[in-house]
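Take the sequence shown: its letters are residues -23 to -1, 1 to 352, numbered as in mature numbering (1 follows the signal peptide of the UniProt record, and there is no 0).
Note that CB positions come from ideal geometry on N, CA and C, so glycine has one too.
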Amino acid sequence: MHRHFRLPALAALFLTGAFSVWAADTPVKGGTLIYLEQQPHTNLYPPAGGFYPNGGILNQITDKLTWQNPKTLEIEPWIAESWTSNADKTEYTFHLRKGVTFSDGTPLDAAAVAKNFDTYGLGDKAHRLPVSEVINNYQRSEVIDPLTVKFYFNKPSPGFLQGTATIGSGLVSLSTLQRNFEELGDARHIIGSGPFVVQDEKPGRELTLVARKDYQWGPKNIAQQGPANLDGITYIVTPEDSVRIGALLAGQAGFIRQVQAYDEKQATDQGFKIYAAPTRGVNDSLSFRPDNPLVADLRVRQALLHATNARQVVETLFSANYPQATSVLASSAAGYVNLSDKLTFDQAKARQLLDDAGWKPAADGIRSKDVSGWR
């Protein structure tokens, strides 16, 4: 077992003075949001969206078959108006929304959806596009008619429906999927159907998105179906924590990602709002490679878990926005079970586990064992 610390997927600040939507619930029309990002994006092939800088862009320029309601965790319609599956979850049929187009004018129809998931489910060796980590047991697709697509799986795949709502399942045009993986690091090559489109990029430094004025197909249960309120978003890569927070406090940016815990108070004291939503997925963690001879014995890994005072670490280094993990899954994730009784700080138990594993303490208190020359 490993010690897991729960960290938010996004720690961001909104400048409430500039965007009163956060203070008064009244949407502000127009303007360009200046977004300071800690790291540059690496690749915008949708299955690479799990890396925050990648996902933060893909979420603006692509849509997905379905949308997961963050409050109820229910899967709701988006590009797919409805869907059915067989009893053992080896076949899924999706009925698509009419009139959706990619930003290059090509239709987001059954053929496009089929090509997207054939690529994500099987990969494309010719273009070096890897398989998505959220799609398993994928066999093939079938285009029933222009707005109906069916997917087949080799084994029961009950997680596929949720997989269609994840960042890694954004839908892109056929021309995008004809490019090699390496080309998809250039945001200008990503053609999606989302509310924003890429206008310009200075690789590794800056990215400019502009709103798509003909956008009319947000998630079905979202009140705003039309274009985004903003005219655009400018991402500026700003690695230094002090520069990002300083720019926000000075009014030079409206949104920053990756706020350090020690910077939170000065931001809230000046009226900024912190957004620290949980991941609804797997918690961030400190993990070990079980094939490493030093920790190959399960008892050693368990001992390290029980020897770590996670609460002290969290309370000393972090803020209330970083609650201690009680499971591998975030508490807001579907299927979460509280495992805190198995993650206790217990030094006596840790010592016993190390004794049982053959790691004996010397006079200096350092434990040692002959493990292929390691001490």
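Exercise for review: Measure the beta-carbon distance from Pro172 to Arg189 and round it to whole angstroms, keeping in mind my assumption that it falls under 8 Å.
Suggested key: For the purposes of this step, residue 172 is identified with residue 195 of the sequence shown, where counting begins at 1. For the purposes of this step, residue 189 is identified with residue 212 of the sequence shown, where counting begins at 1. Yes, Pro172 and Arg189 are in contact; Cβ-Cβ is about 6 Å, under 8 Å.
Point to revise | Secondary structure of Val291, DSSP reduced to three states | key: Indexing the sequence shown from 1 puts residue 291 at position 314. Helix, per DSSP.
Check your understanding: Does the beta-carbon of Ala311 have 16 or more other beta-carbons within 10 angstroms, so that it is buried, or is it exposed?
Key -> Start at 1 with the first residue of the sequence shown, and residue 311 comes out as number 334. Counting Cβ neighbours within 10 Å, Ala311 comes out exposed, since fewer than 16 surround it.
Check your understanding: Is the Cβ-Cβ distance between Thr19 and Gly162 less than 8 Å?
Key -> Position 42 of the sequence shown, counted from the first residue, corresponds to residue 19. Position 185 of the sequence shown, counted from the first residue, corresponds to residue 162. For Thr19 and Gly162, yes; Cβs fall inside 8 Å.
Exercise for review: Look at the alpha carbon of Ser262 and the alpha carbon of Gly82, and state the distance between them as a whole number of angstroms.
Suggested key: Start at 1 with the first residue of the sequence shown, and residue 262 comes out as number 285. Start at 1 with the first residue of the sequence shown, and residue 82 comes out as number 105. Roughly 43 Å separates the two Cα atoms.
Point to revise | 8 Å Cβ cutoff met for Gln301 and Val314 | key: Here residue 301 refers to the residue found at position 324 when the sequence shown is read from its first residue. Here residue 314 refers to the residue found at position 337 when the sequence shown is read from its first residue. No, these two residues do not count as a Cβ contact at 8 Å.
Exercise for review: Would you list the residues sitting across from His72 in a DSSP beta bridge?
Suggested key: Against the sequence shown, residue 72 aligns to sequence position 95. DSSP, once it has assigned bridges, lists Ser59 and Thr125 as partnering His72.
**Study point:** beta strand (DSSP E) segment containing Gln176, residue limits
**Key:** As a position in the sequence shown, residue 176 is number 199, starting the count at 1. Taken as a continuous stretch (DSSP letters only), the beta strand (DSSP E) holding Gln176 covers Phe173 to Lys179.
Exercise for review: For Ile167, write down the residues that DSSP places opposite it in a beta bridge.
Suggested key: By 1-based counting over the sequence shown, the position of residue 167 is 190. Paired residues: none, contrary to the question.
Check your understanding: Contact between the stretch 328 to 337 and the stretch 259 to 277: three or more CB pairs below 8 Å?
Key -> Contact between the stretch 328 to 337 and the stretch 259 to 277 is present: 3 or more CB-CB pairs across the two stretches fall below 8 Å.
Point to revise | Span separating the alpha-carbon of Leu42 from that of Thr141 | key: Within the sequence shown, the letter at position 65 stands for residue 42. Within the sequence shown, the letter at position 164 stands for residue 141. Going by the C-alpha atoms only, they are around 6 Å apart.
Practice item. With DSSP as the reference, label Lys250 as helix, strand or coil. Key: Mapped onto the sequence shown, residue 250 falls at position 273. Note: Lys250 maps to strand in three-state DSSP.
Review point. Are Leu151 and Lys92 close, meaning C-beta to C-beta below 8 Å?
Key: Locating residue 151 in the sequence shown gives position 174, counting from the first residue. Locating residue 92 in the sequence shown gives position 115, counting from the first residue. Against a cut-off of 8 Å, the Cβ pair of Lys92 and Leu151 comes out as a contact.
**Study point:** Segment limits, beta strand (DSSP E) that includes Tyr12
**Key:** The residue given as residue 12 occupies position 35 in the sequence shown. Where Tyr12 is concerned, the enclosing beta strand (DSSP E) stretches over Thr9 to Glu14.
Check your understanding: Where DSSP assigns a beta bridge to Arg117, which residues make up the other side?
Key -> Taking the first residue of the sequence shown as position 1, residue 117 is located at position 140. Per DSSP, Tyr129.
Check your understanding: By Cβ distance, which residues of its chain are closer than 6 Å to Ala230, with the 5 residues on each side in sequence left out?
Key -> Walking along the sequence shown from the start, residue 230 turns up at place 253. Contacts found: Ile11, Leu13 and Ala224.
Review point. In or out: Ser134 buried (at least 16 other Cβ within 10 Å) or exposed?
Key: Residue mapping note: residue 134 aligns to position 157 of the sequence shown, counting from 1. It is buried - the Cβ of Ser134 has at least 16 other Cβ atoms within 10 Å.
Review point. Between which two residues does the alpha helix (DSSP H) harbouring Pro30 extend?
Key: Reading the sequence shown from its first residue, position 53 is the one you call residue 30. Looking at the DSSP string, the run of the alpha helix (DSSP H) that includes Pro30 is Tyr29 to Ile38.
Review point. Hey, how far is the Cα of Trp55 from the Cα of Val348?
Key: By one-based count along the sequence shown, residue 55 stands at place 78. By one-based count along the sequence shown, residue 348 stands at place 371. C-alpha separation (whole angstroms): 54 Å.
Review point. Per DSSP, what kind of secondary structure is Pro24 in: helix, strand or coil?
Key: In the sequence shown, counting from the first residue as 1, residue 24 sits at position 47. The answer is helix: DSSP assigns Pro24 an H, G or I state.
Exercise for review: Could you spell out the range, first to last residue, of the alpha helix (DSSP H) harbouring Arg276?
Suggested key: For the purposes of this step, residue 276 is taken as residue 299 along the sequence shown, with counting starting at 1. Looking at the DSSP string, the run of the alpha helix (DSSP H) that includes Arg276 is Leu275 to Ala284.
Point to revise | Span of the alpha helix (DSSP H) around Arg182 | key: Counting from one through the sequence shown, the residue named residue 182 turns up at place 205. That residue, Arg182, is in no alpha helix (DSSP H); it is neither H nor E in DSSP.
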